[in-house]
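Notes follow once the structure below has been shown.
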Amino acid sequence: MKWSTLRVDDIKADCRYACVGGPFGSELIRRDYVEDGVPVVRGVNLASDGQFLDAEFVFVSEQKANKLIANTAQRGDIVFTQRGTLGQVGLIPKDAKYDRYIISQSQMKLTVDESKVLSKYVFYFFRQKHIVNLIIRRAITSGVPHINLGILKSLEVIVPPVDVQQRIVGVLDAYSEAIENNRRRIELLEQSVRLLFREWFVYLRYPGHEHETVVEGVPREWAIEKFSNLVDFKEGPGLRNYQYREQGIPFLNIRTFGDDEIDLSKTQHLDENEVAKKYEHFLVEEDDHVVSSSGTLGRVVTIRKCHLPLMLNTSVIRMRPMPPMTKWFLKAYLKHGPYLQSVTAMATGAAQLNYGPMHLKMLEVLMPNETLVQVFEDIATPIYTQIKILLDTNMQLQRARDLLLPRLMDGKLAV
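Right, dumping it as C-alpha coordinates:
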(Lines of atoms letter the chains of each structure in order from A and count residues from 1; the text may use other names and numbers.)
(Lines give C-alpha, C1' and ligand atoms only; values in the text may rest on other atoms or scores of the structure.)
Protein backbone atom coordinates (compact mmCIF):
# COMPACT_ATOMS: atom_id res chain seq x y z
CA MET A 1 0.00 0.00 0.00
CA LYS A 2 1.38 3.35 -1.02
CA TRP A 3 1.65 6.18 1.49
CA SER A 4 1.64 9.74 0.15
CA THR A 5 3.20 12.94 1.43
CA LEU A 6 0.87 15.91 1.07
CA ARG A 7 1.08 19.50 2.21
CA VAL A 8 -1.62 20.97 4.41
CA ASP A 9 -2.51 23.16 1.44
CA ASP A 10 -3.24 19.96 -0.55
CA ILE A 11 -5.57 18.42 2.04
CA LYS A 12 -7.67 21.45 2.95
CA ALA A 13 -11.31 21.40 1.92
CA ASP A 14 -12.35 23.05 -1.32
CA CYS A 15 -14.06 26.06 0.23
CA ARG A 16 -13.16 29.71 0.66
CA TYR A 17 -12.32 29.68 4.37
CA ALA A 18 -10.84 26.18 4.71
CA CYS A 19 -7.53 27.39 6.14
CA VAL A 20 -7.65 30.78 7.86
CA GLY A 21 -6.21 32.71 10.77
CA GLY A 22 -7.96 34.63 13.49
CA PRO A 23 -9.36 38.16 13.18
CA PHE A 24 -6.96 41.03 12.55
CA GLY A 25 -6.22 43.52 15.33
CA SER A 26 -9.29 45.59 16.14
CA GLU A 27 -11.68 43.18 14.41
CA LEU A 28 -12.02 41.36 17.75
CA ILE A 29 -11.20 43.15 20.99
CA ARG A 30 -12.07 42.69 24.65
CA ARG A 31 -15.09 44.99 24.57
CA ASP A 32 -16.68 42.74 21.92
CA TYR A 33 -17.09 40.01 24.54
CA VAL A 34 -20.59 39.41 25.91
CA GLU A 35 -22.12 37.11 28.52
CA ASP A 36 -23.52 34.61 26.03
CA GLY A 37 -23.56 34.01 22.29
CA VAL A 38 -21.00 32.41 19.95
CA PRO A 39 -17.92 31.06 21.83
CA VAL A 40 -14.38 32.21 21.01
CA VAL A 41 -11.68 29.52 20.87
CA ARG A 42 -8.49 30.60 22.67
CA GLY A 43 -5.34 28.84 23.83
CA VAL A 44 -7.06 27.93 27.11
CA ASN A 45 -9.39 25.66 25.10
CA LEU A 46 -6.51 23.59 23.68
CA ALA A 47 -5.15 21.36 26.43
CA SER A 48 -1.55 20.18 26.33
CA ASP A 49 -2.72 16.59 25.78
CA GLY A 50 -4.73 17.60 22.70
CA GLN A 51 -8.12 17.63 24.39
CA PHE A 52 -10.49 20.35 23.17
CA LEU A 53 -11.83 21.99 26.32
CA ASP A 54 -15.43 22.90 25.58
CA ALA A 55 -15.59 25.38 28.48
CA GLU A 56 -14.03 28.61 29.84
CA PHE A 57 -15.13 30.53 26.76
CA VAL A 58 -15.61 34.19 26.16
CA PHE A 59 -18.44 34.97 23.75
CA VAL A 60 -19.37 37.40 21.00
CA SER A 61 -22.86 38.31 19.87
CA GLU A 62 -24.52 36.66 16.87
CA GLN A 63 -24.24 39.99 15.05
CA LYS A 64 -20.48 40.18 15.70
CA ALA A 65 -20.02 36.51 14.77
CA ASN A 66 -21.72 37.13 11.42
CA LYS A 67 -19.11 39.80 10.69
CA LEU A 68 -16.36 37.28 11.48
CA ILE A 69 -17.66 34.56 9.16
CA ALA A 70 -14.15 34.09 7.72
CA ASN A 71 -12.87 33.22 11.21
CA THR A 72 -15.53 30.64 12.02
CA ALA A 73 -14.71 27.06 13.01
CA GLN A 74 -17.14 24.17 13.22
CA ARG A 75 -17.30 20.61 14.49
CA GLY A 76 -14.59 18.51 12.89
CA ASP A 77 -12.26 21.46 12.25
CA ILE A 78 -8.67 21.47 13.50
CA VAL A 79 -7.36 24.48 15.43
CA PHE A 80 -3.65 25.37 15.63
CA THR A 81 -1.99 27.88 17.95
CA GLN A 82 -0.44 30.68 15.91
CA ARG A 83 1.45 32.39 18.73
CA GLY A 84 2.01 31.57 22.37
CA THR A 85 2.44 27.85 22.99
CA LEU A 86 3.44 26.88 19.45
CA GLY A 87 2.68 23.36 18.31
CA GLN A 88 -0.60 23.25 20.22
CA VAL A 89 -3.38 21.62 18.21
CA GLY A 90 -6.98 20.70 18.97
CA LEU A 91 -9.83 19.00 17.16
CA ILE A 92 -13.34 20.34 17.66
CA PRO A 93 -15.20 17.07 18.27
CA LYS A 94 -18.22 15.98 16.26
CA ASP A 95 -20.31 16.12 19.44
CA ALA A 96 -19.02 19.54 20.56
CA LYS A 97 -21.33 21.65 22.70
CA TYR A 98 -21.70 24.41 20.08
CA ASP A 99 -22.22 24.14 16.32
CA ARG A 100 -19.87 27.03 15.52
CA TYR A 101 -16.98 28.90 17.12
CA ILE A 102 -14.93 32.02 16.41
CA ILE A 103 -11.16 31.53 16.55
CA SER A 104 -9.13 34.18 18.36
CA GLN A 105 -6.27 36.24 16.96
CA SER A 106 -3.79 33.64 18.25
CA GLN A 107 -5.33 30.66 16.45
CA MET A 108 -5.61 29.24 12.93
CA LYS A 109 -8.28 26.89 11.61
CA LEU A 110 -8.10 24.04 9.11
CA THR A 111 -11.07 22.31 7.49
CA VAL A 112 -9.87 19.04 5.95
CA ASP A 113 -11.06 17.42 2.73
CA GLU A 114 -12.24 14.13 4.24
CA SER A 115 -12.15 12.41 0.84
CA LYS A 116 -8.35 12.71 1.01
CA VAL A 117 -7.59 12.38 4.70
CA LEU A 118 -9.54 12.01 7.94
CA SER A 119 -9.53 15.12 10.13
CA LYS A 120 -8.89 13.01 13.23
CA TYR A 121 -5.89 11.37 11.52
CA VAL A 122 -4.48 14.83 10.73
CA PHE A 123 -5.07 15.89 14.34
CA TYR A 124 -3.14 12.88 15.65
CA PHE A 125 -0.39 13.42 13.06
CA PHE A 126 0.25 16.92 14.39
CA ARG A 127 0.28 15.65 17.98
CA GLN A 128 3.59 13.87 17.36
CA LYS A 129 6.43 15.38 19.37
CA HIS A 130 8.82 15.64 16.43
CA ILE A 131 6.13 17.44 14.39
CA VAL A 132 5.52 19.86 17.25
CA ASN A 133 9.28 20.54 17.36
CA LEU A 134 9.30 21.05 13.58
CA ILE A 135 6.58 23.69 13.88
CA ILE A 136 8.51 25.45 16.65
CA ARG A 137 11.70 25.43 14.55
CA ARG A 138 9.86 27.00 11.61
CA ALA A 139 8.41 29.80 13.71
CA ILE A 140 9.13 33.39 12.77
CA THR A 141 11.21 34.76 15.63
CA SER A 142 11.02 38.51 14.97
CA GLY A 143 8.89 39.98 17.74
CA VAL A 144 6.70 37.34 19.41
CA PRO A 145 7.54 33.89 17.95
CA HIS A 146 4.68 32.81 15.70
CA ILE A 147 3.73 30.86 12.61
CA ASN A 148 1.61 32.18 9.76
CA LEU A 149 -0.73 30.61 7.23
CA GLY A 150 2.11 30.16 4.75
CA ILE A 151 4.05 28.05 7.24
CA LEU A 152 0.97 26.04 8.18
CA LYS A 153 0.02 25.35 4.57
CA SER A 154 3.57 24.20 3.74
CA LEU A 155 3.70 21.57 6.51
CA GLU A 156 3.73 18.03 5.15
CA VAL A 157 1.48 15.17 6.27
CA ILE A 158 2.25 11.50 5.62
CA VAL A 159 -1.04 10.07 4.35
CA PRO A 160 -1.71 6.31 4.11
CA PRO A 161 -4.79 4.86 2.40
CA VAL A 162 -8.08 5.72 4.11
CA ASP A 163 -8.60 2.21 5.52
CA VAL A 164 -5.17 2.40 7.20
CA GLN A 165 -6.01 5.88 8.53
CA GLN A 166 -9.18 4.46 10.02
CA ARG A 167 -7.33 1.64 11.75
CA ILE A 168 -4.67 4.03 13.12
CA VAL A 169 -7.35 6.37 14.41
CA GLY A 170 -9.18 3.39 15.94
CA VAL A 171 -6.11 2.32 17.93
CA LEU A 172 -5.39 5.84 19.18
CA ASP A 173 -9.05 6.53 19.90
CA ALA A 174 -9.15 3.53 22.23
CA TYR A 175 -6.57 5.26 24.43
CA SER A 176 -8.28 8.64 24.11
CA GLU A 177 -11.68 7.21 25.01
CA ALA A 178 -10.26 5.49 28.10
CA ILE A 179 -8.68 8.80 29.12
CA GLU A 180 -11.95 10.65 28.51
CA ASN A 181 -13.96 8.10 30.52
CA ASN A 182 -11.57 8.58 33.43
CA ARG A 183 -11.93 12.35 33.10
CA ARG A 184 -15.70 12.02 33.37
CA ARG A 185 -15.32 9.89 36.48
CA ILE A 186 -12.97 12.49 37.97
CA GLU A 187 -15.51 15.24 37.22
CA LEU A 188 -18.27 13.29 38.95
CA LEU A 189 -16.10 12.59 41.98
CA GLU A 190 -15.02 16.23 42.20
CA GLN A 191 -18.62 17.32 41.83
CA SER A 192 -19.62 15.15 44.79
CA VAL A 193 -17.02 16.91 46.94
CA ARG A 194 -18.11 20.31 45.66
CA LEU A 195 -21.78 19.68 46.43
CA LEU A 196 -21.00 18.34 49.90
CA PHE A 197 -18.64 21.21 50.74
CA ARG A 198 -21.09 23.88 49.63
CA GLU A 199 -24.04 22.21 51.34
CA TRP A 200 -22.22 22.00 54.66
CA PHE A 201 -19.86 24.96 54.71
CA VAL A 202 -21.36 27.55 52.37
CA TYR A 203 -25.11 27.05 52.82
CA LEU A 204 -24.56 25.80 56.43
CA ARG A 205 -26.85 22.80 56.00
CA TYR A 206 -24.50 20.38 57.79
CA PRO A 207 -25.62 17.47 59.99
CA GLY A 208 -27.26 18.85 63.13
CA HIS A 209 -27.49 22.43 61.87
CA GLU A 210 -31.17 22.54 62.90
CA HIS A 211 -30.12 22.46 66.55
CA GLU A 212 -27.13 24.80 66.23
CA THR A 213 -27.13 28.30 67.69
CA VAL A 214 -26.17 30.87 65.04
CA VAL A 215 -24.85 34.29 66.06
CA GLU A 216 -24.56 36.94 63.31
CA GLY A 217 -24.55 34.23 60.66
CA VAL A 218 -21.81 32.13 62.34
CA PRO A 219 -22.61 28.80 64.07
CA ARG A 220 -21.71 28.86 67.77
CA GLU A 221 -18.83 26.37 67.63
CA TRP A 222 -17.32 27.81 64.47
CA ALA A 223 -14.63 30.52 64.45
CA ILE A 224 -13.16 33.08 62.10
CA GLU A 225 -9.46 32.24 61.85
CA LYS A 226 -6.51 33.78 60.07
CA PHE A 227 -5.55 31.76 57.00
CA SER A 228 -1.91 31.95 58.11
CA ASN A 229 -2.78 30.11 61.35
CA LEU A 230 -4.32 27.24 59.40
CA VAL A 231 -2.08 26.89 56.35
CA ASP A 232 1.68 26.88 55.87
CA PHE A 233 2.11 28.64 52.52
CA LYS A 234 5.21 29.49 50.51
CA GLU A 235 5.67 31.24 47.18
CA GLY A 236 8.39 30.14 44.78
CA PRO A 237 11.57 32.18 44.19
CA GLY A 238 12.13 34.41 41.18
CA LEU A 239 14.32 32.25 38.96
CA ARG A 240 16.30 33.67 36.03
CA ASN A 241 16.76 32.27 32.52
CA TYR A 242 20.51 31.85 32.98
CA GLN A 243 19.79 29.32 35.76
CA TYR A 244 17.76 27.02 33.51
CA ARG A 245 19.25 23.66 32.57
CA GLU A 246 18.21 20.87 30.19
CA GLN A 247 18.23 18.37 33.05
CA GLY A 248 18.06 18.48 36.83
CA ILE A 249 15.23 19.35 39.21
CA PRO A 250 12.11 20.48 37.29
CA PHE A 251 10.24 23.52 38.55
CA LEU A 252 6.67 24.67 38.19
CA ASN A 253 5.42 27.62 36.21
CA ILE A 254 1.96 28.79 35.19
CA ARG A 255 2.21 27.13 31.76
CA THR A 256 2.53 23.71 33.41
CA PHE A 257 -0.84 23.90 35.20
CA GLY A 258 -3.73 21.90 33.80
CA ASP A 259 -6.96 20.59 35.31
CA ASP A 260 -5.54 19.26 38.60
CA GLU A 261 -2.58 18.06 36.58
CA ILE A 262 0.94 19.21 35.74
CA ASP A 263 2.36 18.98 32.24
CA LEU A 264 5.90 17.88 33.05
CA SER A 265 6.88 18.24 29.37
CA LYS A 266 6.70 22.02 29.81
CA THR A 267 8.88 22.28 32.91
CA GLN A 268 12.31 23.88 32.95
CA HIS A 269 15.08 22.54 35.21
CA LEU A 270 17.61 23.75 37.77
CA ASP A 271 20.95 22.16 38.56
CA GLU A 272 20.57 19.64 41.40
CA ASN A 273 23.54 21.06 43.32
CA GLU A 274 22.13 24.58 43.10
CA VAL A 275 18.79 23.37 44.43
CA ALA A 276 20.52 21.55 47.32
CA LYS A 277 22.48 24.69 48.26
CA LYS A 278 19.87 27.45 47.76
CA TYR A 279 16.38 26.16 47.04
CA GLU A 280 15.78 22.96 48.98
CA HIS A 281 13.03 24.64 51.04
CA PHE A 282 11.11 25.31 47.79
CA LEU A 283 10.78 21.61 46.94
CA VAL A 284 7.22 20.32 47.12
CA GLU A 285 6.02 17.06 48.66
CA GLU A 286 3.32 14.56 47.86
CA ASP A 287 -0.18 15.89 48.68
CA ASP A 288 0.97 19.52 48.80
CA HIS A 289 -1.58 21.75 47.10
CA VAL A 290 -0.11 24.33 44.71
CA VAL A 291 -2.12 27.27 43.39
CA SER A 292 -1.56 29.80 40.63
CA SER A 293 -1.15 33.34 41.96
CA SER A 294 -0.73 35.27 38.70
CA GLY A 295 -2.62 35.42 35.41
CA THR A 296 -5.34 32.78 35.60
CA LEU A 297 -5.93 32.81 39.34
CA GLY A 298 -7.31 29.90 41.30
CA ARG A 299 -5.86 26.89 39.47
CA VAL A 300 -5.23 24.18 42.05
CA VAL A 301 -3.10 21.05 41.64
CA THR A 302 -2.41 18.43 44.28
CA ILE A 303 1.12 17.07 43.97
CA ARG A 304 1.35 13.32 43.36
CA LYS A 305 4.30 10.98 43.71
CA CYS A 306 4.72 10.81 39.92
CA HIS A 307 5.41 14.58 39.84
CA LEU A 308 8.40 14.44 42.16
CA PRO A 309 11.04 15.79 42.46
CA LEU A 310 9.56 19.21 41.74
CA MET A 311 10.22 22.76 42.86
CA LEU A 312 8.24 25.96 43.13
CA ASN A 313 8.77 29.04 41.01
CA THR A 314 7.38 32.56 41.25
CA SER A 315 3.60 32.97 40.70
CA VAL A 316 3.02 29.57 42.30
CA ILE A 317 2.19 29.12 45.98
CA ARG A 318 2.49 25.86 47.92
CA MET A 319 -0.16 25.13 50.60
CA ARG A 320 0.14 22.68 53.54
CA PRO A 321 -2.54 22.35 56.23
CA MET A 322 -1.86 22.95 59.92
CA PRO A 323 -4.28 21.61 62.58
CA PRO A 324 -7.20 22.04 62.85
CA MET A 325 -7.09 22.44 59.04
CA THR A 326 -6.97 19.11 57.19
CA LYS A 327 -5.58 18.11 53.81
CA TRP A 328 -8.77 17.54 51.86
CA PHE A 329 -10.83 20.19 53.60
CA LEU A 330 -8.14 22.63 52.45
CA LYS A 331 -8.33 21.29 48.87
CA ALA A 332 -12.11 21.70 48.83
CA TYR A 333 -11.85 25.19 50.33
CA LEU A 334 -9.34 26.26 47.66
CA LYS A 335 -11.46 24.86 44.81
CA HIS A 336 -15.05 25.24 46.00
CA GLY A 337 -15.02 27.70 48.87
CA PRO A 338 -14.69 31.50 48.90
CA TYR A 339 -10.90 31.38 48.43
CA LEU A 340 -10.81 32.42 44.75
CA GLN A 341 -13.30 35.24 45.27
CA SER A 342 -11.31 36.52 48.26
CA VAL A 343 -7.86 36.52 46.62
CA THR A 344 -9.24 37.98 43.37
CA ALA A 345 -10.68 40.89 45.34
CA MET A 346 -7.26 41.49 46.95
CA ALA A 347 -5.16 40.91 43.82
CA THR A 348 -3.33 43.79 42.13
CA GLY A 349 -1.78 44.40 38.73
CA ALA A 350 -2.67 46.34 35.59
CA ALA A 351 -1.56 43.87 32.90
CA GLN A 352 -2.64 40.78 34.85
CA LEU A 353 -3.88 40.17 38.37
CA ASN A 354 -1.56 38.65 40.94
CA TYR A 355 -1.42 38.11 44.68
CA GLY A 356 1.11 36.75 47.13
CA PRO A 357 1.87 35.84 50.75
CA MET A 358 1.18 39.38 51.98
CA HIS A 359 -2.39 39.06 50.73
CA LEU A 360 -2.82 35.60 52.22
CA LYS A 361 -1.73 36.96 55.61
CA MET A 362 -4.79 39.23 55.51
CA LEU A 363 -7.16 36.41 54.53
CA GLU A 364 -9.62 35.05 57.08
CA VAL A 365 -11.44 31.72 57.03
CA LEU A 366 -14.72 30.71 58.64
CA MET A 367 -13.51 27.47 60.23
CA PRO A 368 -16.03 24.83 61.36
CA ASN A 369 -15.59 22.87 64.56
CA GLU A 370 -13.00 20.07 64.46
CA THR A 371 -15.56 17.26 64.67
CA LEU A 372 -17.40 18.41 61.54
CA VAL A 373 -14.15 19.00 59.66
CA GLN A 374 -13.04 15.46 60.50
CA VAL A 375 -16.36 13.98 59.34
CA PHE A 376 -15.88 15.81 56.02
CA GLU A 377 -12.28 14.59 55.84
CA ASP A 378 -13.37 10.97 56.35
CA ILE A 379 -15.85 11.30 53.46
CA ALA A 380 -13.50 13.20 51.14
CA THR A 381 -10.39 11.04 51.65
CA PRO A 382 -11.51 7.97 49.61
CA ILE A 383 -12.93 10.27 46.92
CA TYR A 384 -9.71 12.22 46.46
CA THR A 385 -7.70 9.00 46.69
CA GLN A 386 -9.71 7.63 43.76
CA ILE A 387 -9.17 10.88 41.83
CA LYS A 388 -5.41 10.54 42.33
CA ILE A 389 -5.50 6.94 41.02
CA LEU A 390 -7.48 8.00 37.94
CA LEU A 391 -5.10 10.89 37.25
CA ASP A 392 -2.12 8.53 37.47
CA THR A 393 -3.87 6.09 35.15
CA ASN A 394 -4.51 8.84 32.60
CA MET A 395 -0.89 9.91 32.72
CA GLN A 396 0.18 6.33 31.95
CA LEU A 397 -2.37 6.06 29.12
CA GLN A 398 -1.19 9.35 27.61
CA ARG A 399 2.44 8.24 27.72
CA ALA A 400 1.58 4.90 26.09
CA ARG A 401 -0.44 6.66 23.36
CA ASP A 402 2.34 9.18 22.71
CA LEU A 403 4.93 6.39 22.40
CA LEU A 404 2.68 4.47 20.01
CA LEU A 405 1.75 7.51 17.91
CA PRO A 406 4.95 8.00 15.80
CA ARG A 407 5.32 4.25 15.20
CA LEU A 408 1.81 4.11 13.75
CA MET A 409 2.28 7.27 11.71
CA ASP A 410 5.47 6.15 9.99
CA GLY A 411 4.16 2.67 9.19
CA LYS A 412 6.70 0.84 11.37
CA LEU A 413 3.88 -0.69 13.39
CA ALA A 414 1.31 -2.44 11.21
CA VAL A 415 -2.40 -2.10 12.02
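Going letter by letter, the sequence shown gives residues 0 to 414 in numbering that gives the first Met the number 0. The beta carbon of each residue, even a glycine, is placed where N, CA and C say it ideally should be.
Selection from the options that minimises the alpha carbon distance to residue i
i, options, result
"SER3", "PHE196, VAL156 and TYR205", "VAL156"
"VAL274", "VAL168, TYR243 and ASP31", "TYR243"
"THR110", "ASN70, ASN44, ASN147 and LYS128", "ASN70"
"PHE281", "LEU309, PHE51, VAL299 and PHE122", "LEU309"
"LEU329", "GLY83, TYR174 and ASN228", "ASN228"
"LYS63", "ARG183, PRO22 and LEU52", "PRO22"
"ARG197", "TYR332, ARG41, ASP48 and HIS268", "TYR332"
"GLY294", "GLY348, PRO322, TYR241 and ASP270", "GLY348"
"PHE200", "LEU403, MET408, ALA12 and MET366", "MET366"
"LEU402", "GLN127, VAL78 and PHE79", "GLN127"
"MET321", "LYS1, ASP31 and PHE226", "PHE226"
"PHE79", "PRO381, GLY207, VAL7 and GLY235", "VAL7"
"ILE28", "LYS360, ASN180 and PHE58", "PHE58"
"GLU245", "LEU269, GLY207 and ARG239", "LEU269"
Sheet register partners of residue i (DSSP bridge)
i, result
"THR347", "ASN353"
"TYR436", "Residue 436 is absent from the model: the chain starts at 0 and stops at 414."
"TYR32", "VAL59"
"GLY89", "VAL78"
"THR4", "ILE157"
"GLN373", "Answer is none; GLN373 lacks a bridge partner."
"LYS152", "Answer by DSSP bridge pairing: none, since LYS152 is not bridged."
"THR301", "HIS288"
"VAL315", "SER291"
"GLY142", "Answer is none; GLY142 lacks a bridge partner."
"HIS268", "ARG244 and PRO249"
"LEU45", "PHE51"
"VAL19", "LYS108"
Buried versus exposed call for residue i [16 or more other C-beta atoms within 10 Å across all chains shown]
i, result
"SER103", "buried"
"PRO159", "buried"
"HIS335", "buried"
"VAL43", "exposed"
"CYS18", "buried"
"SER292", "buried"
"ALA379", "buried"
"THR370", "exposed"
"GLU260", "buried"
"GLN267", "buried"
"LYS11", "buried"
"ASP31", "buried"
"SER105", "buried"
"ILE185", "buried"
"ILE77", "buried"
"VAL217", "exposed"
Whole-angstrom C-beta distance between residue j and residue i, which should lie under 8 Å
i, j, result
"LEU171", "ARG400", "6 Å"
"ALA72", "TYR100", "5 Å"
"ILE130", "PHE122", "In fact, because the Cβ distance is near 11 Å, the residues do not count as touching under 8 Å."
"ASP9", "GLN397", "The pair is not a contact, with the Cβ atoms about 30 Å apart (cut-off 8 Å)."
"PHE256", "VAL300", "6 Å"
"GLU224", "GLU26", "No, GLU224 and GLU26 are not in contact; Cβ-Cβ is about 50 Å, not under 8 Å."
"LEU296", "LEU339", "6 Å"
"GLY142", "GLN81", "Rounded, the Cβ-Cβ distance is 13 Å, inconsistent with contact."
"VAL414", "VAL163", "7 Å"
"GLU279", "PRO356", "Actually they are not in contact, since the Cβ atoms of GLU279 and PRO356 sit about 19 Å apart, beyond 8 Å."
"LEU188", "GLN385", "6 Å"
"GLU211", "GLY247", "Contact doesn't hold; Cβ gap of about 53 Å is too wide."
"GLY168", "TYR120", "Here residue 168 is Val; the residue named in the question, Gly, does not match the sequence. That pair is a contact at about 5 Å."
Sequence-distant residues of the same chain with beta carbon closer than 7 Å to residue i, five excluded per side
i, result
"SER60", "VAL33 and GLY36"
"ARG303", "GLU285, LYS387, LEU390 and ASP391"
"TYR237", "The sequence shown places Gly at residue 237, not Tyr. Excluding residues within five positions, the ones whose Cβ falls inside 7 Å are THR313."
"GLY75", "ILE91, LYS93 and SER118"
"ILE135", "LEU85 and GLY86"
"MET324", "LEU229 and VAL230"
"ALA138", "LEU85, PRO144, HIS145 and ILE146"
"ASN368", "GLU220 and TRP221"
"VAL372", "PRO323, THR325 and PHE328"
"LYS360", "SER227"
"TYR205", "TRP199 and LEU371"
Beta-carbon contacts of residue i that lie in its chain and below 8 Å, excluding the five residues immediately before and after
i, result
"ILE213", "Just to set this straight, residue 213 is Val in the shown sequence, not Ile. The answer, listed in chain order, is LEU203 and ARG219."
"HIS358", "VAL342, MET345 and ALA346"
"CYS305", "ASP391 and MET394"
"ALA95", "PHE51, ASP53 and ARG74"
"ARG166", "VAL414"
"ARG193", "ALA331, LYS334 and HIS335"
Own chain residues within Cβ distance below 6 Å of residue i, not counting five before or after
i, result
"MET318", "VAL230, PHE232 and HIS288"
"TYR383", "TRP327"
"LEU263", "none"
"ALA222", "MET366"
"VAL283", "ILE302, LEU309 and ARG317"
"ALA177", "LEU396"
"VAL315", "GLY235, LEU251 and VAL289"
"ARG406", "LEU412"
"LYS265", "ARG254 and THR255"
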